[in-house]
Amino acid sequence: MWKARVRRAVERGLAGKTKRCVDVLTQEGLASWSEERITTMRAKHPAATNATPDCPDNAPNIFVDEKDLAKLTHSLAKFTAGGPSGWTAELVVPLLTDQVCLKGLALLCQLIANNELDEHSRLLLTSSVLHAIPKANDDLRPLALGEFFAKLACKYCFNIDAPGFPAIFEPIQLAVCCPGGSERAILTMQAKTELNPEGFITIYVDSSNAYNAADRAMMLESVYSDSRLSHLWRAYAFCYATPSHLLLRR
Numbered sequence: 021m022w023k024a025r026v027r028r029a030v031e032r033g034l035a036g037k038t039k040r041c042v043d044v045l046t047q048e049g050l051a052s053w054s055e056e057r058i059t060t061m062r063a064k065h066p067a068a069t070n071a072t073p074d075c076p077d078n079a080p081n082i083f084v085d086e087k088d089l090a091k092l093t094h095s096l097a098k099f100t101a102g103g104p105s106g107w108t109a110e111l112v113v114p115l116l117t118d119q120v121c122l123k124g125l126a127l128l129c130q131l132i133a134n135n136e137l138d139e140h141s142r143l144l145l146t147s148s149v150l151h152a153i154p155k156a157n158d159d160l161r162p163l164a165l166g167e168f169f170a171k172l173a174c175k176y177c178f179n180i181d182a183p184g185f186p187a188i189f190e191p192i193q194l195a196v197c198c199p200g201g202s203e204r205a206i207l208t209m210q211a212k213t214e215l216n217p218e219g220f221i222t223i224y225v226d227s228s229n230a231y232n233a234a235d236r237a238m239m240l241e242s243v244y245s246d247s248r249l250s251h252l253w254r255a256y257a258f259c260y261a262t263p264s265h266l267l268l269r270r
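In this note's numbering, the protein residues as written are 21 to 270.
Below, the structure written as structure tokens:
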């Protein structure tokens, strides 16, 4: 096991990915599956209670530029694990020099971005491999690894609307397309606690599996109501309008 870790660490180090190299050597292993752990994971992924809204009719169509897609694919080559198919950015990059492969990749991403694939294809592309990461309190943290092609298409749409993100998220959310966001957050908290005469205090909270417990219908309604996110609407409908599969590998 440790030999495999060292091999992966060396591979990432030679590629200049220092953080990934350190992560491989220091990260804890994944929990093995048991019936009890599967039951725990089911509880962390509650079923939807409300029907998701339809994608707005005025959602713009997305045209995927091959050159921009190639640059984006290169930028995503960060040694992240693949989804159910095993495809990663590192495996796709060598194909970009072949025009037939590049055109096929652009077409696939464009069909995903415009939510124009059939239901069977959508189910395959939105499925994820679910892992369980042990936590210090003996609980499990879910980690779902999705298909690279769906990520690539969504990231392409994400980049189109990204210039408007600071106006949407700031000053509450400083993690999305906010230059120096983490530093600003730390300095803001420090100023509030040390300099504010009203006597603010700082507390640390960790919501229980907040993302999976959030109401998907409410999230989509919020996204669909903001025209500044319109280039993401069809991609969001592709990914989130209906439930997707979580696959377990023993």
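All C-beta atoms, glycine included, are put in the ideal place defined by N, C-alpha and C.
Report the option in R57, M238, V30 whose CA atom is closest to the CA atom of P162.
-> As a position in the sequence shown, residue 162 is number 142, starting the count at 1. With distances taken between Cα atoms, P162 lies closest to R57.
Distance, Cα to Cα, V346 vs G102?
-> What is shown of the chain runs 21 to 270, which leaves residue 346 out entirely.
Inter-residue Cα distance where the pair is A255 and C129 = By 1-based counting over the sequence shown, the position of residue 255 is 235. By 1-based counting over the sequence shown, the position of residue 129 is 109. The C-alpha of C129 is placed about 10 Å away from the C-alpha of A255.
Go ahead and label I192 buried or exposed: buried means 16 or more other beta carbons lie within 10 angstroms of its beta carbon, across all protein chains shown.
-> The residue you call residue 192 lines up with position 172 of the sequence shown. Exposed is the call here.
Let me know the secondary structure DSSP gives V149 once reduced to three states.
-> For the purposes of this step, residue 149 is identified with residue 129 of the sequence shown, where counting begins at 1. Strand.
What alpha helix (DSSP H) runs, 4 residues minimum, are completely inside the segment 53 to 85?
-> 55 to 63, all fully within the segment 53 to 85.
Give every residue of the same chain whose Cβ lies closer than 7 Å to the Cβ of P186, excluding the five residues on either side of it in the sequence, and list them in chain order.
-> Taking the first residue of the sequence shown as 1, we reach residue 186 at position 166. Around P186: C197, C198.
L172 - containing beta strand (DSSP E), residue span | By 1-based counting over the sequence shown, the position of residue 172 is 152. Here L172 belongs to no beta strand (DSSP E); instead the alpha helix (DSSP H) covers 168 to 181.
Using three-state DSSP, classify P154 as helix, strand or coil.
-> For the purposes of this step, residue 154 is taken as residue 134 along the sequence shown, with counting starting at 1. The three-state secondary structure of P154, taken from DSSP, is strand.
Please name the residue, chosen from A164, S202, P154, E110, that lies closest to S147 on a Cα-to-Cα basis.
-> Translated into the one-based positions of the sequence shown, residue 147 becomes position 127. Comparing Cα positions, the closest option is A164.
Please report the Cβ distance between L268 and L150, rounded to the nearest whole angstrom; I am assuming they are in contact, meaning their Cβ atoms lie under 8 Å.
-> Here residue 268 corresponds to residue number 248 of the sequence shown, with the count starting at 1. Here residue 150 corresponds to residue number 130 of the sequence shown, with the count starting at 1. The C-beta separation of L268 from L150 comes to about 6 Å, placing the pair in contact by the 8 Å criterion.
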